[in-house]
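Shown next, in structure tokens, is the structure this report addresses.
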Amino acid sequence: GVVWKDTVSGETRHLACDAVFVAIGHLPNTGFLEGVVEFDPEHAGYLKTTGRSTKTSVAGIFAAGDVSDAVYRQAITSAGSGAAAALDAERWLSEEGLGNEAAELEAELMAEL
18 GVVWKDTVSG
28 ETRHLACDAV
38 FVAIGHLPNT
48 GFLEGVVEFD
58 PEHAGYLKTT
68 GRSTKTSVAG
78 IFAAGDVSDA
88 VYRQAITSAG
98 SGAAAALDAE
108 RWLSEEGLGN
118 EAAELEAELM
128 AEL
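Start counting at 1 in the sequence shown, then tack on 17, and there's your number in my numbering.
As structure tokens, this is what we get:
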């Protein structure tokens, strides 16, 4: 079972159960982006993304995981979302003419010949 203490009243309770799932906090740490990017008007503290991408309202700023996912808020879904943000960022950099890794690798290989 589980024994927990109410931090306000000091009351201790016991719950008979076989398992427990503990979620520690559900507020994304996005305060530093206030006034920088658009926030989701339906979910306070969460960043608004464009469509199914990780793009925010500011070019070059991408949101992933707990800062943009008000539904699941889980580490495993955040990992997948982080991978998507990395791909979106890589595409954006390429579109901006930055970070063309394929061309850089080709140039390095050709220089070795």
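Glycine included, each C-beta is placed from N, C-alpha and C at the ideal position. Remember, predicted model here, so these are calculated numbers, not experimental data.
CA-to-CA distance, residue j to residue i, given in whole angstroms
{"i": "A96", "j": "R90", "result": "11 Å"}
{"i": "S111", "j": "G82", "result": "23 Å"}
{"i": "V84", "j": "F49", "result": "12 Å"}
{"i": "A80", "j": "G116", "result": "20 Å"}
{"i": "V108", "j": "N46", "result": "Inspection of the sequence shows that residue 108 is occupied by Arg rather than by Val. Cα-Cα distance, rounded: 26 Å."}
{"i": "V54", "j": "Y63", "result": "11 Å"}
{"i": "E123", "j": "E129", "result": "10 Å"}
{"i": "E14", "j": "F56", "result": "There is simply no residue 14 to check, as the chain begins at 18 and stops at 130 in what is shown."}
Extent of the continuous alpha helix (DSSP H) run through residue i
{"i": "R108", "result": "A92 to E112"}
Buried versus exposed, by CB contacts within 10 Å (16 or more), residue i
{"i": "P58", "result": "exposed"}
{"i": "S98", "result": "buried"}
{"i": "D23", "result": "exposed"}
{"i": "T29", "result": "exposed"}
{"i": "A120", "result": "exposed"}
{"i": "L5", "result": "What is shown of the chain runs 18 to 130, which leaves residue 5 out entirely."}
{"i": "D86", "result": "buried"}
{"i": "A102", "result": "buried"}
Residue i: CB within 7 Å of a non-hydrogen atom of the ligand ADP
{"i": "K65", "result": "Absence of the ligand ADP is noted for the structure shown, with no ligands found whatsoever."}
Three-way DSSP call (helix, strand, coil) for residue i in this model
{"i": "V25", "result": "coil"}
{"i": "F38", "result": "coil"}
{"i": "L64", "result": "strand"}
I want to know whether the segment 29 to 40 touches the segment 55 to 69 - three or more CB-CB distances under 8 Å. no
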